[in-house]
Structures are given as structure tokens and as C-alpha cells.
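Asker: Would you mind keeping the following structure in view while I ask a few things?
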Amino acid sequence: MKRTVPLLIVFSVGLLMVVHYFVPFLGDLANVAVVHFNILAAVAMILGAGNLLFTHGEKIYKQHSGWGYSIIAVGCFLAMIAFGMFKIGAPPKQGATAELTSGASIAMVDVEKSGKSDYALKLRAGKLEPDTKYEIKLGDKVVAETTSDYKGSAAAETAIFTGSDAPDSVEGMTVSVGELTGKLEPYGAFTGAYDDDGTPFWFFYYYAFVPLQQTTFAMLAFYVASAAFRAFRARNVEAGLLLGTAFLILLGQTFAGNWLTQGLPKEGFWSFFQISELSAWVMIVFNTAGQRAIMIGIALGIASTSLKTLLGLDRSVIGAE
Amino acid sequence: MEGRFVTFPMTLSRGGLAAALIAPLLAVVAAGQVGSGTPFAGKKITDDKVRAGWMLVDHIESGERYRRRILEAKELIGSEGLPAEFWDAALGANLAVVREHDASKRPALIVEQDRQAGLVTTALLDRLPPFSAVNNPNDDGSEVVLFWRNVPGAAQYDVERRKLADTSGRWRQLSSTAARGAWMKVSDRDLVTRGVEYAYRLKALDADGKVVAEFESNSVKPTGEWFHTRRIGLLALVLIISAAIIFYIRLARRGVALTIRKIAGLEAVDEAVGRATEMGKPILFVPGIQDMNDIQTVAGVIILGRVARVAATHDANLEVPTSKSLVMTASRETVQANYLDAGRPDAYDEKKVYYTTDEQFGYVAAVTGTMVREKPAACFYMGAFFAESLILAETGNMLGAIQVAGTAQPAQLPFFVAACDYTLIGEEFFAASAYLSGDPQQLGSLKGQDIGKLVAMIVLCFGVLVATAVAAFQGEHSWLGDVQDWLLNDLLDSKA
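Sequence lines, in order, name chains A and B.
Per this note's numbering, the very first residue in the first sequence carries number 3; after that it's consecutive.
Per this note's numbering, the very first residue in the second sequence carries number 22; after that it's consecutive.
Below is the structure:
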């Protein structure tokens with residue numbers, strides 16, 4: 003059972019994905035499988051986070067070498083979770099909100115301050131009269147219009163005040179959507195975004211995480227140089243050809259390459275020998291041909307691996323032989 | 022041409038299909054229902070081929086498959102539309118664009134193409150109903166496309182919809198769109214129900230909001246198609262390759278011996294693990310940075326199983342840092358199963374298969390840190406890699422580890438080739454599981470892949486011959502052009 007059920011799921015979902023590509027009638031059915039995968043992956047994050055805490059926790063507890071770094075890792079991990087989940091340091095949203103109800107109809111109106119003195123109105127409404135046009139009023143002024151869809155849902159988003167027109171505050175103003183009416187109330191705590199400018203989450207993300215990430219990425223430049231030095235040593239004919247081609251492509255990408263052959267005619271036979279032309283020719287003809295050959299092999303390999311997994315011929319991925 | 026407009030019977034020949042496309046439209050023109058400039062007020066056109074004309078306009082406007090569309094437009098309008106010189110100019114401009122487009126994308130030629138396309142569109146528009154509703158082909162019946170000619174003086178259009186079965190006769194507001202261009206197109210998507218018949222009403226409003234024209238469309242019933250007609254060639258290829266793979270798997274099951282060439286990178290797995298065991302150093306396996314929904318990760322985890330089995334046999338220390346929780350879970354299952362199969366369940370330590378972070382360079386820092394600290398004697402990189410490929414492989418190289426890499430990311434292959442001892446290139450990476458297992462059934466799948474390669478080679482050679490013939494004999498306007506068009510756009514599915 004432990005192996006059969008996963009195999010059945012793999013087979014049925016895999017088959018659905020293949021069939022869906024050729025049968026438009028199935029609509030969004032394949033996307034349901036994708037959504038389920040995303041849910042699964044999100045839940046699995048708990049496993050990952052648990053594993054991270056366990057691994058580093060054990061390291062700290064047993065004081066293995068480098069346990070001090072584990073304290074930093076766990077501390078940063080917990081701090082960022084706290085900053086994000088509890089919105090520490092994030093002020094409430096600027097503006098006001100109102101929940102308008104009448105019978106089964108409901109409308110949520112947000113009037114958010116989007117700049118120094120600009121306001122944007124956002125509406126989400128449900129269970130309205132289907133296919134009907136509604137006026138959205140702030141006080142006595144019609145600020146926007148929206149039309150409900152066939153299910154009776156409606157949405158709108160529009161700028162309502164800009165610059166000098168804008169009042170200092172919209173709190174207490176009357177807002178109405180058709181017959182639904184109410185007063186705008188200030189936003190409560192925890193309504194601000196956890197990553198708004200100035201929040202601790204934003205600070206550590208942009209001033210600690212991003213620079214560290216970019217530093218790691220920047221190391222690539224040095225690794226490319228060392229790998230190129232090793233790869234381009236002309237030890238035999240093939241390596242010599244590789245070196246020559248690489249040199250040509252490098253020259254073709256630089257000013258020097260174009261400058262060296264600028265004396266050659268722009269048209270006719272000799273124009274082909276301009277470094278930029280030669281470089282483009284190598285890339286378009288040889289490189290593309292080679293890449294396509296590899297891509298055909300990859301496509302066939304993917305088809306074969308997928309088929310083996312779907313048919314359960316290769317079950318090692320679910321831990322069975 | 023088959024499959025462009027799905028309502029055509031599939032059994033029609035190419036000529037018959039063209040006739041089916043053109044005849045109803047010409048019949049409508051002849052009947053004076055279109056092209057007279059009078060409003061087309063809800064007269065039911067029983068043939069929905071009018072939409073073919075609108076689709077033609079649509080394709081010309083978007084510049085897609087331009088040459089074929091010009092020829093179809095020429096056929097549709099005929100000599101009564103525009104002089105022969107016009108068509109020659111339109112085709113000439115198009116061919117120039119085709120030649121120049123990829124190389125330099127010269128704006129002047131693109132503008133020229135648009136101008137000519139605009140003329141063809143105008144000629145076509147005069148012969149189409151002012152407002153049409155058409156069922157979108159090759160979908161699940163959730164979309165109706167509305168086309169209309171721009172009304173002079175109109176600044177805005179209000180579109181309304183009603184169900185024909187609705188006896189109240191009430192029109193529901195659908196959209197409000199500002200006027201632009203010679204023709205307009207709006208999609209009514211996800212709000213219509215499959216199998217229900219609808220009618221649409223268009224109100225053209227001037228700048229003051231006054232109705233200057235009003236049209237009612239033909240009725241339309243959105244239908245879901247059971248087969249995507251433009252993907253028939255691809256389906257045939259999929260079936261041939263799948264059948265070949267299954268055939269050879271069955272052949273292998275019956276005991277027929279299959280031989281495969283040696284793959285140095287996979288032969289080196291035993292050597293690498295053995296070396297790590299002798300040196301008393303760990304083996305590092307990196308399954309890429311994608312999740313389990315990526316086939317490369319699946320292939321990587323399959324190879325991990327084989328590496329884990331050899332490691333268990335040699336009693337070597339295997340370490341697997343992962344960047345996705347699901348990959349960690351799947352890897353643990355795989356490694357545990359292989360330790361069990363190797364008769365060493367006691368040697369399995371789940372702590373050695375662990376999660377680090379989802380972040381790309383955070384993962385790189387964690388893995389390279391582990392490498393520098395623990396100095397593994399063998400490193401395997403099997404899965405989907407991006408910018409981190411060279412950082413990982415160079416770090417391993419500096420440590421003097423035996424390195425084997427495999428990926429289906431063509432852009433990363435040169436980095437692995439430069440920094441690793443062995444690299445599984447493309448198909449070798451996917452063949453690794455069968456190769457390492459030696460299981461006859463799985464080897465059969467490799468043989469089936471060879472048939473796929475044969476099919477690819479035949480199609481490739483045929484395509485090269487056709488393209489060469491089209492270029493040599495200037496056969497763009499002949500059946501050769503059709504074949505080339507079909508190969509590029511339908512079989513290879515580039516525009517489906």
C-alpha cells in the first residue's frame with residue numbers, strides 16, 4: 003500500500019497532464035494538480051524549517067565545531083519569521099476602511115493613502131445584483147463606477163484624490179456602493195505590510211540578505227576566470243580549437259575586436275572576416291546546431307524518464323526498487 | 022491549413038477546406054449581408070465561417086504567419102478587392118521582413134509590413150459583418166471572441182450580452198472599451214457557460230456618450246473541443262516515441278539482449294565512491310535547486326538512489342544537502358530504500374540528508390561551506406542548476422574531489438565540463454538510471470529513445486530538404502510553403 007498509492011497518484015496525475023495538453027475540453031483540470039503540488043510544497047516547508055532547526059539545534063546543544071554560526075543561523079531564521087508573521091515594526095495602513103452590508107450583499111471598501119497626499123480606492127464586493135452597474139460615492143461625490151459580474155461579484159481600483167484635492171484624512175467620511183452605505187474607519191493594528199519601507203523585515207532583507215546574496219553571486223566572476231584558464235590550455239588539437247573559438251567570441255564581444263578589423267569592407271566577401279561577423283557566425287551556426295542536438299537528446303530523455311516514472315518501471319524516486 | 026479553424030470537418034482535403042472557408046463568406050457577400058455598409062442587425066449567419074474572415078484579420082494584425090495570411094486574404098477577396106500589384110507588394114514586403122527579421126529586426130521593414138497588413142485588413146474589413154461573435158477554437162468552451170469594425174465618430178464601445186434562452190430579454194453589461202484602430206476585438210472569457218447560446222449587442226458611443234450606432238451580433242454557442250486540432254502532429258510524434266519505448270521494454274522483458282555504449286561519467290560512479298571510501302572522506306550529492314516537479318530533480322534523485330546503494334555497499338559516508346523540503350523528503354526515502362536493499366539499513370542516517378534553504382545563493386553558501394569544511398572526496402551534481410553550477414564545481418575542483426555532473430540545462434554544461442571530471446550531457450543524464458541499474462526493462466527504454474532519435478533525424482532531414490527547396494525554387498507560394506509552414510507551426514507546435 004505504501005508504494006501502490008503513490009504510484010497510482012503518479013500515474014493518474016501524470017496521465018492527466020499529458021491528456022490535458024491535447025484535450026482543451028478538460029479546461030483547468032491540470033492546474034488543479036499544480037495547485038495541489040503547491041499546497042504540498044507549502045506544507046513541506048514546515049518539514050524543511052523543522053529540519054533546519056533540528057540540525058542547528060543539535061549542533062548548538064552538542065557544541066560541534068562552528069556551533070556559534072548555528073546560533074546566528076537559528077537566530078536570524080527565528081527573527082525574520084517573527085518580523086514577518088507578527089509584522090513587528092510595521093505601522094497600520096494609512097487611510098481608512100469600511101465594511102458595508104445589507105442583507106446578503108457585502109462590500110469591502112479601502113481608501114488607502116498611496117503617496118504623500120494621494121488616495122486610492124479599492125472595492126471588493128459579493129452577492130450583489132448580477133450584471134448591474136454600481137456607483138461608488140465618497141460623501142456626495144461619485145468617485146468610481148463598477149459593474150457586477152454574472153455571479154454578483156464586483157471589484158474596482160482607482161485613484162480618487164491627488165495633490166491639492168486630497169483631504170488630510172478620510173476617516174469618518176461616508177462611503178456608499180449603490181444602496182450599501184457606511185462610514186470609513188481607521189485601519190487597525192497588523193494591517194500594514196510586513197515588508198513596507200522602514201520595517202525591520204525590509205531592513206534586514208535589503209541591508210543584510212541582498213548584499214550577502216550579491217556577494218556570493220559576484221564570486222562567480224573569479225570562478226569563471228579560473229575555470230576558463232584551466233579549460234583553454236592548448237594541450238591538444240581539440241583544446242587548441244576550443245581556445246581559438248573562445249578567443250574569437252571574446253574578441254567579438256569587445257570594442258577591441260571590432261576595432262581590429264574595422265578596415266575590412268562592410269559589404270562583400272571580406273566583410274565576413276570582421277571579428278563581429280565571425281563571432282556571430284560561430285554562435286548562430288555551430289553553437290546553435292550543437293545546442294539543438296543536445297536539446298533533442300534532452301527532450302527524448304525527458305519523455306523516456308517520464309514514461310518510466312508514469313508506468314512505475316522506475317520507482318526509485320518514491321523510495322522503492 | 023487544417024486545424025486553424027476547428028469547425029471545419031477534419032475529413033476535408035486542403036482544397037476542400039479552402040473552399041469551405043471562402044465559399045460561405047463569398048455567399049454572404051453575394052447575399053448582400055455584408056460589405057454593403059448597412060448595419061448587420063442580428064441576422065443569423067448559420068455558417069460560423071464568417072469568423073474565419075475575422076480570424077484572418079486578427080492574424081494579419083498580429084503579424085503572425087504573415088505570408089500565408091496574405092495569400093489567404095488574396096484568395097478570399099480575389100481580384101475584385103485590390104489590384105495584383107498590391108498583393109505583389111504585400112508579399113514582397115513580407116518576404117523582406119522574413120529575411121531581415123531575425124538578423125537585425127530593422128524597424129523600417131517592420132513598419133512597411135504593418136502598413137501593408139493594414140491595407141489588407143481594410144480590404145477584408147469591408148467584406149465582413151460590422152459586429153461578429155465567434156466561439157474561440159481549441160478551448161474548453163469558456164471564451165467567445167467579439168470582433169467589430171470601428172465606427173467613424175465612435176469614442177467608446179459598450180458591449181452587452183444576453184442568453185438567448187432568457188425570456189426577459191435583459192441585456193447584461195459586459196465591457197466598456199475605448200475606440201482604437203481599424204477594428205476591435207474583445208474576449209468574453211470565463212463568464213460564459215459552455216453549451217449555452219448567447220447574443221451580443223454593441224453600442225458605439227461618441228465623446229459625449231451619445232449612441233451613434235448599435236449592432237447585434239450573430240448568436241454563438243461556446244463549445245469545448247475534445248481535441249486540439251493544431252497538436253495532431255505532436256500527438257503522432259508522442260505516440261510513436263512512447264510506443265517505441267514500450268515495445269523495447271517488452272522486448273527486454275522477453276530476454277532479448279540489448280547493448281548500450283559505455284558512458285564514462287557513469288562508469289566513474291563506482292570509482293568516485295570507492296576513492297572516497299579509501300580516503301575516509303564523505304561523498305557529496307547535490308540534487309539541484311529545483312523542486313520535485315522538475316523532471317531533472319526526479320532524474321537526479323533516481324541517480325542518488327544508485328549512488329546511495331554503492332555508498333552503502335562500500336560503507337561510505339553520503340551527504341545530501343537539499344534546497345527544497347520535498348526534495349529532502351524524497352531523497353531520504355530513496356537513500357533509505359537503497360541502504361536497505363544493500364543490506365545496510367543500520368548505516369542509514371537521515372540527518373545526512375538535510376534541508377538548508379530555498380534561496381539560490383544561500384544554498385550555494387551552505388553547500389560550498391560544507392565542502393570546504395568537510396572536504397568530500399567525491400561530489401555529484403545531478404539536477405537542475407543555474408548560476409550556482411560553476412561556483413559549486415570550482416569549489417569541488419579546488420578541493421581535488423572527483424566530480425561527476427549531470428544536467429539538462431544546456432547553458433550550464435560548459436561550466437560543468439570545464440570544472441568537473443565527468444559530465445553527463447543531456448540525454449546521458451536521463452539514461453543514467455537505466456545504465457546504472459542494468460535492469461533490462463530500463464535498458465529497453467534507452468533503445469526506445471533511439472527510435473525517437475531516428476524519428477527526429479528523419480523529420481530534421483525532411484525539414485532541411487523542404488526549407489532548402491523552398492529557398493532554391495522560391496516556393497513560398499506553393500505546396501512546399503504549406504509543408505514548411507506545417508512543420509514549423511503545427512508539428513513543432515511553435516504557435517499552438
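Glycine included, every Cβ here is placed at the ideal spot set by N, Cα and C.
Roughly how many angstroms separate the alpha carbons of residue 91(B) and residue 388(B), rounded to a whole number?
Answerer: Counting from one through the second sequence, the residue named residue 91(B) turns up at place 70. Counting from one through the second sequence, the residue named residue 388(B) turns up at place 367. Taking the straight line from one Cα to the other gives about 57 Å.
Asker: Taking only three categories from DSSP, how would you classify residue 150(B)?
Answerer: Position 129 of the second sequence, counted from the start, is the residue given in the question as residue 150(B). Three-state result, residue 150(B): coil.
Asker: Take the Cβ of residue 109(A) as the centre, count every other Cβ of all protein chains shown within 10 Å, and call the residue buried at 16 or more, exposed below.
Answerer: For the purposes of this step, residue 109(A) is taken as the residue at position 107 of the first sequence. Residue 109(A) should be labelled buried.
Asker: Please report the distance separating the alpha-carbon of residue 80(B) from that of residue 476(B).
Answerer: Counting from 1 along the second sequence, the entry for residue 80(B) is found at position 59. Counting from 1 along the second sequence, the entry for residue 476(B) is found at position 455. Each residue's Cα considered, the two are about 32 Å apart.
Asker: Determine the DSSP secondary structure at residue 78(A), reduced to helix, strand or coil.
Answerer: Numbered from its first residue, the first sequence carries residue 78(A) at position 76. Residue 78(A): helix per DSSP, three-state reduction.
Asker: Can you check whether the C-beta of residue 566(B) is within less than 9 Å of a C-beta belonging to chain A?
Answerer: Because chain B in this structure spans residues 22 to 517, residue 566(B) falls outside the shown range and cannot be described.
Asker: At least one CB of chain B closer than 9 Å to the CB of residue 260(A): is that the case?
Answerer: In the first sequence, the residue the question calls residue 260(A) occupies position 258. Closer than 9 Å: no.
Asker: With distances taken Cα to Cα, identify the nearest neighbour of residue 280(A) among 174(A), 247(A) and 134(A).
Answerer: Residue mapping note: residue 280(A) aligns to position 278 of the first sequence, counting from 1. It is 247(A) whose Cα lies nearest to the Cα of residue 280(A).
Asker: Would you verify that the beta carbon of residue 402(B) is, or is not, closer than 9 Å to some beta carbon of chain A?
Answerer: Taking the second sequence and counting its residues from 1, one reaches residue 402(B) at position 381. No, because no Cβ of chain A sits closer than 9 Å to the Cβ of residue 402(B).
Asker: Residue 343(B): which of 356(B), 377(B), 332(B) and 371(B) sits nearest, CA to CA?
Answerer: Along the second sequence, read from residue 1 onward, the residue named residue 343(B) stands at position 322. Nearest option by C-alpha distance: 377(B).
Asker: Enumerate in chain order the residues of its own chain whose CB-to-CB distance from residue 15(A) is below 6 Å, with the five nearest sequence positions on each side excluded.
Answerer: Counting from one through the first sequence, the residue named residue 15(A) turns up at place 13. Closer than 6 Å at Cβ, skipping near neighbours: 35.
Asker: Going by DSSP, name the residue or residues bridged to residue 156(B).
Answerer: Within the second sequence, numbered from 1, the residue matching residue 156(B) stands at position 135. BP columns for residue 156(B) point to 165(B).
Asker: Is residue 273(A) helix, strand or coil when you go by DSSP?
Answerer: Reading the first sequence from its first residue, position 271 is the one you call residue 273(A). In this structure, residue 273(A) counts as helix in the three-state DSSP scheme.
Asker: So what does residue 342(B) bridge to, in DSSP terms?
Answerer: As a first step, residue 342(B) is located in the second sequence; it is residue number 321 there, counting from the start. Note: residue 342(B) sits in a beta bridge opposite 375(B).
Asker: Would you verify that the beta carbon of residue 503(B) is, or is not, closer than 9 Å to some beta carbon of chain A?
Answerer: Here residue 503(B) is taken as the residue at index 482 of the second sequence, counted from 1. Output row for residue 503(B): interface = no.
Asker: Between the beta-carbon of residue 123(A) and the beta-carbon of residue 102(A), is there less than 9 Å?
Answerer: Position 121 of the first sequence, counted from the first residue, corresponds to residue 123(A). Position 100 of the first sequence, counted from the first residue, corresponds to residue 102(A). Their beta carbons are not under 9 Å apart, which means residue 123(A) does not touch residue 102(A) by this criterion.
Asker: For residue 349(B), does the count of other Cβ atoms within 10 angstroms reach 16, so buried, or fall short, so exposed?
Answerer: For the purposes of this step, residue 349(B) is identified with residue 328 of the second sequence, where counting begins at 1. Result: buried.
Asker: In the DSSP assignment, the beta strand (DSSP E) including residue 137(A) goes from what residue to what residue?
Answerer: For the purposes of this step, residue 137(A) is taken as residue 135 along the first sequence, with counting starting at 1. DSSP places residue 137(A) in the uninterrupted beta strand (DSSP E) bounded by 135-140.
Asker: Determine the burial state of residue 38(A): buried for a count of at least 16 other Cβ atoms within 10 Å of its Cβ, exposed for fewer.
Answerer: By one-based count along the first sequence, residue 38(A) stands at place 36. Taking a 10 Å sphere around the C-beta of residue 38(A), we find fewer than 16 other C-beta atoms and assign the residue as exposed.
Asker: Ends of the beta strand (DSSP E) at residue 223(B)?
Answerer: By 1-based counting over the second sequence, the position of residue 223(B) is 202. Here the beta strand (DSSP E) through residue 223(B) covers 219-226.
Asker: How many whole angstroms separate the CB atoms of residue 293(B) and residue 423(B), which I take to be in contact at a CB cut-off of 8 Å?
Answerer: Mapped onto the second sequence, residue 293(B) falls at position 272. Mapped onto the second sequence, residue 423(B) falls at position 402. That pair is a contact at about 4 Å.
Asker: How far does the beta strand (DSSP E) with residue 177(B) in it reach, from first residue to last?
Answerer: Walking along the second sequence from the start, residue 177(B) turns up at place 156. Element bounds for residue 177(B): 177-184.
Asker: Quick one, which of 319(A), 43(A), 144(A) and 264(A) has its alpha-carbon nearest residue 321(B)'s?
Answerer: The residue you call residue 321(B) lines up with position 300 of the second sequence. Selected option, being the one with the closest Cα: 319(A).
Asker: Cβ of residue 153(B) within 9 Å of Cβ of residue 208(B)?
Answerer: In the second sequence, residue 153(B) corresponds to position 132, counting from 1. In the second sequence, residue 208(B) corresponds to position 187, counting from 1. Residue 208(B) is positioned such that its CB atom lies no closer than 9 Å to that of residue 153(B).
Asker: From the DSSP output, which residues share a beta bridge with residue 194(B)?
Answerer: On the second sequence, residue 194(B) is found 173 positions in, with the first residue counted as 1. According to DSSP, which records beta bridges pairwise, residue 194(B) is partnered with 181(B).
Asker: Looking only at its own chain, which residues have a Cβ that is under 7 Å from the Cβ of residue 95(A), when we skip the five neighbours before and after it?
Answerer: Sequence index remark: in the first sequence, residue 95(A) carries index 93 (1-based). Answer for residue 95(A): 114, 189, 193 and 194, listed in chain order.
Asker: Residues in the same chain with beta-carbon distance under 8 Å from residue 68(A), minus the five sequence neighbours each way, listed in chain order, please.
Answerer: Locating residue 68(A) in the first sequence gives position 66, where the first residue counts as 1. Taken in chain order, the residues that qualify are 61.
Asker: Quick check on residue 219(B) - is its C-beta less than 9 Å from some C-beta in chain A?
Answerer: Walking along the second sequence from the start, residue 219(B) turns up at place 198. With 9 Å as the cut-off, residue 219(B) does not count as an interface residue toward chain A.
Asker: Measuring alpha carbon to alpha carbon, tell me which residue in 469(B), 170(B) and 487(B) is nearest residue 205(B).
Answerer: Against the second sequence, residue 205(B) aligns to sequence position 184. Nearest C-alpha to residue 205(B): 170(B).
Asker: Quick one: what's got a C-beta closer than 8 Å to residue 21(A)'s C-beta in the same chain, skipping five residues either side?
Answerer: As a position in the first sequence, residue 21(A) is number 19, starting the count at 1. 28.
Asker: Tell me the DSSP bridge mates of residue 401(B)?
Answerer: Here residue 401(B) refers to the residue found at position 380 of the second sequence. Looking at the DSSP assignment, residue 401(B) forms a beta bridge with 306(B) and 425(B).
Asker: Taking only beta-carbon atoms, is residue 347(B) less than 9 Å away from chain A?
Answerer: Residue numbering aside, residue 347(B) sits at position 326 when the second sequence is read from its first letter. Yes, contact with chain A.
Asker: May I ask which residues mark the beginning and end of the beta strand (DSSP E) holding residue 110(A)?
Answerer: Stepping through the first sequence from its first residue, residue 110(A) is reached at position 108. Bounds of the beta strand (DSSP E) holding residue 110(A) are 107-115.
Asker: Using 8 Å as the cut-off, can you tell me whether the stretch 173-180 of chain A makes contact with the stretch 120-139 of chain A, which would need three or more C-beta pairs spanning the two stretches below that distance?
Answerer: yes
Asker: Taking the alpha helix (DSSP H) that residue 389(B) falls in, what are its first and last residues?
Answerer: Locating residue 389(B) in the second sequence gives position 368, where the first residue counts as 1. Counting along the chain, the alpha helix (DSSP H) containing residue 389(B) begins and ends at 381-395.
Asker: Anyone know if the C-beta pair for residue 330(B) and residue 363(B) falls short of 9 Å?
Answerer: By one-based count along the second sequence, residue 330(B) stands at place 309. By one-based count along the second sequence, residue 363(B) stands at place 342. Taking 9 Å as the Cβ cut-off, residue 330(B) and residue 363(B) qualify as a contacting pair.
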